[in-house]
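S.K.:
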Amino acid sequence: MVRQLTAADRDRLVRHFTALDGDDRVLRFGQHASDHVIENYVRGMDFTNDVVFGVFDSALNLVGVGHLAYLPLEEDETGRTAEFGLSVLESARGTGVGSALFARAGMRCRNSGVTTLYMHCLAHNKTMMRIAGKAGMDIRRDYGEADAYLALPPADSASILSEMFEEQAAVFDYVLKRQVRQADKLLAFLLPVD
Ligand SMILES: CC(C)(COP(=O)(O)OP(=O)(O)OC[C@H]1O[C@@H](n2cnc3c(N)ncnc32)[C@H](O)[C@@H]1OP(=O)(O)O)[C@@H](O)C(=O)NCCC(=O)NCCS
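One point on numbering: in the UniProt record's numbering, the residue at position 143 of the sequence shown is 143, and numbering is uninterrupted.
#1: Quick check: the region 110-129 against the region 73-93, are there 3 or more CB pairs under 8 angstroms?
#2: Pick out whichever of Y149, S87, A183 and G144 has its Cα sitting closest to the Cα of L62.
#3: For T115, which residues does DSSP report across the bridge?
#4: Answer yes if the region 2-17 comes into contact with the region 39-50, meaning at least three C-beta pairs across the two stretches below 8 angstroms, and no otherwise.
#5: Is M137 near ligand 1, with its Cβ less than 7 angstroms from a heavy atom?
#6: Taking 8 angstroms as the cut-off, decide whether the C-beta atoms of D147 and H120 are in contact.
#7: Within 10 angstroms of its Cβ, does F102 collect 16 or more other Cβ (buried), or is it exposed?
#8: Could you round the C-beta distance between R104 and E166 to whole angstroms and report it? I think they count as a contact, below 8 angstroms.
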């Protein structure tokens, strides 16, 4: 379940990104981002103009994060472009979280008038190349880096309804997980195990 995040999720975002190891930070940020750089990045995240998506596990840890940033429209451009970056914690990889984040970003792009979804990554990032290839992205490799472009069709009633449904289901899922956690804590308090 992919839920849209808000500024209230900043602490969780910091915990997510700082849990990535050095190699993953290079893949995600294109540099050896220190914890301090990550904290600044999260502090500067713009939840009004950009869209940030998250996937939570049953303990409400943020195991997957996708950041969709709308690029400014150049003078000669006819359609809008948005750049997408994502990361999934090692423990949750290979279970479709990355693909789900990508699909959700594509849907949001369509529904917000974006015509091209763009991703930049290292060309040896096989998992990302797989995600981009599966989606039919046009991948251009150069000097060990890769730019991938996905042309998107305009929104229709199905894409709008589908995104609304997904978001509502994700919010419901999140609330349910939170209630289960609270019930677990209450039980542990009432029936402590020696
Ligand atoms: C890239 C990343 C987000 C993928 O997340 P994920 O949740 O593991 O992705 P998925 O489970 O959806 O798997 C995606 C596809 O890649 C495939 N895959 C996984 N590892 C692979 C590998 N080493 N080589 C080729 N394909 C691979 C999976 O089988 C899956 O394909 P399928 O759907 O046909 O089975 C995650 O590995 C990550 O966070 N990496 C570090 C940061 C990063 O690289 N970010 C991208 C920069 S923008």
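Just so it is clear, CB atoms sit at the ideal spot from N, CA and C, and this is done for glycine as well.
M.R.: Walking through what the data contain:
#1: yes
#2: Your numbering for residue 62 matches position 62 in the sequence shown. Checked all of Y149, S87, A183 and G144; the closest Cα to L62 is S87.
#3: On the sequence shown, position 115 is the one that residue 115 refers to. Per DSSP, none; premise fails for T115.
#4: yes
#5: Numbered from 1 along the sequence shown, position 137 holds the residue referred to as residue 137. No.
#6: Walking along the sequence shown from the start, residue 147 turns up at place 147. Walking along the sequence shown from the start, residue 120 turns up at place 120. A contact, by the Cβ cut-off of 8 angstroms.
#7: Here the question's residue 102 lines up with position 102 in the sequence shown. The residue is buried, with at least 16 neighbouring Cβ atoms inside 10 Å.
#8: In the sequence shown, residue 104 corresponds to position 104, counting from 1. In the sequence shown, residue 166 corresponds to position 166, counting from 1. 7 angstroms between Cβ atoms; contact.
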